[in-house]
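Inspection log for the structure reproduced underneath, given as structure tokens.
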Amino acid sequence: MIRDVNFTFLWLILLLLASLAGTSLYYQDTYGDVRGKYTDAKSELNKTASEVKVKEGALSEALLELNIAKEREAVLGEKYGVLRGEKEILEKEKKNLQTQLKDTESELASLKLEHSRLREDLAALQRALASAQNRISYLESLASALISQNIELQAQLSACKAASNQTQ
0 MIRDVNFTFL WLILLLLASL AGTSLYYQDT YGDVRGKYTD AKSELNKTAS
50 EVKVKEGALS EALLELNIAK EREAVLGEKY GVLRGEKEIL EKEKKNLQTQ
100 LKDTESELAS LKLEHSRLRE DLAALQRALA SAQNRISYLE SLASALISQN
150 IELQAQLSAC KAASNQTQ
């Protein structure tokens, strides 16, 4: 019986050693699988992390561009407001200048009419002057002829008086 117990105990120890060896092999194999899965998961996680970093960089870039676009929009909005104000001022000036142009054009038209009338008056006055100068020339020549005739007549009168004084 002691021998039986020792053999049983030995069998138990052997069975325990065999099961320990089997369990060890099982856990070693399972550990290898888990380690492989861990390595795969870790590389997948690293890959995902690098993709996240790339996308985060792209997102940061897009956010920066969005902020720049907002700043540009604000600046352009201000410029638009300023330009719209300037446009309104220029349109008012344009209307004023158009009014002034119409006034100036009507004044020019009236001045042209007056100029034309004054030219006609000048031409009429020049004709009247020429006519008056012709008349003056005629009257001067007539006066000269009359003076000559008067001198002649006075000479004849003096001669007649002298002859009449001599006959007396």
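Residue numbers (numbering that gives the first Met the number 0): 0 to 167. Glycine residues also receive a C-beta, built at the ideal position from the N, C-alpha and C atoms.
{"query": "Have a look at GLN27 and ARG34 and give me their C-alpha separation to the nearest angstrom.", "result": "10 angstroms"}
{"query": "Which value, in whole angstroms, describes the spacing of the CA atoms of ILE135 and LEU128?", "result": "10 angstroms"}
{"query": "If you draw a straight line from the C-alpha of LEU145 to the C-alpha of LEU117, how long is it?", "result": "40 angstroms"}
{"query": "Take GLU104 and list the residues in its own chain whose beta-carbon comes closer than 7 angstroms to its own, dropping the five residues that flank it on each side.", "result": "none"}
{"query": "For LEU11 and ALA20, what's the separation of their Cα atoms in angstroms?", "result": "14 angstroms"}
{"query": "Taking just the CA atoms, how far does ALA158 sit from THR166?", "result": "12 angstroms"}
{"query": "Suppose you measure from the CA of SER109 to the CA of LYS93; what does that come to, to the nearest Å?", "result": "24 angstroms"}
{"query": "What's the gap between the Cα of LEU9 and the Cα of SER49?", "result": "57 angstroms"}
{"query": "Could you compute how far the alpha carbon of GLU55 sits from the alpha carbon of GLU43?", "result": "18 angstroms"}
{"query": "What separation, rounded to the nearest whole angstrom, lies between the Cα atoms of GLU72 and LYS52?", "result": "29 angstroms"}
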